[in-house]
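Visitor: Mind looking over this structure? Questions follow.
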Amino acid sequence: RGVEILASDVSRRVLAEAREGLYSEFALRNTPAYYRERYFRREGERFRLAPEIRALVEFRQINLAGPDPWAPPGRFHAVFCRNVLIYFDQAAKRRVVRRLVSALAPGGVLIVGRSETLLNVPDAPTAVRRNGTVVYQAIPGPPPGDTLFPWRSHD
């Protein structure tokens, strides 16, 4: 079973930086040593993500609040939407959450940033705790694998 990652942003500049796969030591400060050693190569003062991981990523400019479709329903096992919802008013936030949830496969989860919440979002997915992390599961079903958060096992 293959892994596909869709990385998106509304900014072309941010996407160009992400394509480079270069990270500062500060950006990786919470990354366990095991993952740093296995998936990153030092380049001077920075770290480059391994090419085999970068090859799994499709980068796309997407406006989540815009009218254009960006994903077929039921495609994703996990959607990470970090530090995005805080920029929307309540109406836009509801629309974006509805679109993100519709992109989830059965048992899939929506993960938002720590500063974000889906409280006050009508029809928001159900918050569930997985491995000490709160995720939102919208569609009943078994989780799409036992290793949703595999990095927890290497802390």
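Sequential numbering of the sequence shown, starting at 855, is according to my numbering.
Glycine included, every Cβ here is placed at the ideal spot set by N, Cα and C.
1. According to the Cβ coordinates, are Arg902 and Gly928 closer than 8 Å?
2. Quick test of the definition: if touching needs 3 or more C-beta pairs under 8 Å, does the segment 920–938 touch the segment 890–899?
3. Does the pairing of the segment 944–961 with the segment 880–891 give three or more beta-carbon distances under 8 Å?
4. What distance in whole Å lies between the Cβ atoms of Val950 and Ala978, which are believed to be in contact at a cut-off of 8 Å?
5. Figure out for me which residue from Thr987, Ala932, Gly962, Gly967 has the closest Cα to the Cα of Val938.
6. Determine the burial state of Tyr990: buried for a count of at least 16 other Cβ atoms within 10 Å of its Cβ, exposed for fewer.
7. Can you grab the Cα-Cα spacing for the pair Val857 / Phe913, in whole Å?
8. Short of 6 Å in beta carbon distance, which residues of its chain neighbour Val988, apart from the five on each side in sequence? Order them along the chain.
9. With burial defined as no fewer than 16 other Cβ atoms inside 10 Å of the residue's Cβ, what is the status of Gly962: buried or exposed?
10. Out of curiosity, what's the CA-to-CA distance linking Pro886 and Glu906?
11. Which one of Ala909, Pro960, Arg908 has the shortest CA to CA distance from Val933?
Guide: The short version:
1. Counting from one through the sequence shown, the residue named residue 902 turns up at place 48. Counting from one through the sequence shown, the residue named residue 928 turns up at place 74. In terms of Cβ geometry, Arg902 and Gly928 do not form a close pair [threshold 8 Å].
2. Remark: fewer than three beta-carbon pairs, one from each stretch, lie closer than 8 Å, so the segment 920–938 and the segment 890–899 are not flagged as touching.
3. Contact fails: fewer than three Cβ-Cβ distances are below 8 Å.
4. For the purposes of this step, residue 978 is taken as residue 124 along the sequence shown, with counting starting at 1. For the purposes of this step, residue 950 is taken as residue 96 along the sequence shown, with counting starting at 1. About 12 Å separates the two Cβ atoms, so there is no contact after all.
5. Along the sequence shown, one-based indexing puts residue 938 at 84. The shortest C-alpha separation from Val938 is found at Gly967.
6. Stepping through the sequence shown from its first residue, residue 990 is reached at position 136. Taking all protein chains shown into account, Tyr990 has 16 or more neighbouring C-beta atoms within 10 Å of its C-beta and is therefore buried.
7. Walking along the sequence shown from the start, residue 857 turns up at place 3. Walking along the sequence shown from the start, residue 913 turns up at place 59. Val857 and Phe913 have their C-alpha atoms some 14 Å from each other.
8. Within the sequence shown, residue 988 is the residue found at index 134, counting from 1. Within the same chain, Ala981 come within 6 Å of Val988 by CB-CB distance, once the 5 residues on both sides are set aside.
9. Taking the sequence shown and counting its residues from 1, the one referred to as residue 962 is at position 108. Classification for Gly962: buried.
10. As a position in the sequence shown, residue 886 is number 32, starting the count at 1. As a position in the sequence shown, residue 906 is number 52, starting the count at 1. Taking the straight line from one Cα to the other gives about 19 Å.
11. Stepping through the sequence shown from its first residue, residue 933 is reached at position 79. Of the residues Ala909, Pro960, Arg908, the one whose Cα lies closest to the Cα of Val933 is Pro960.
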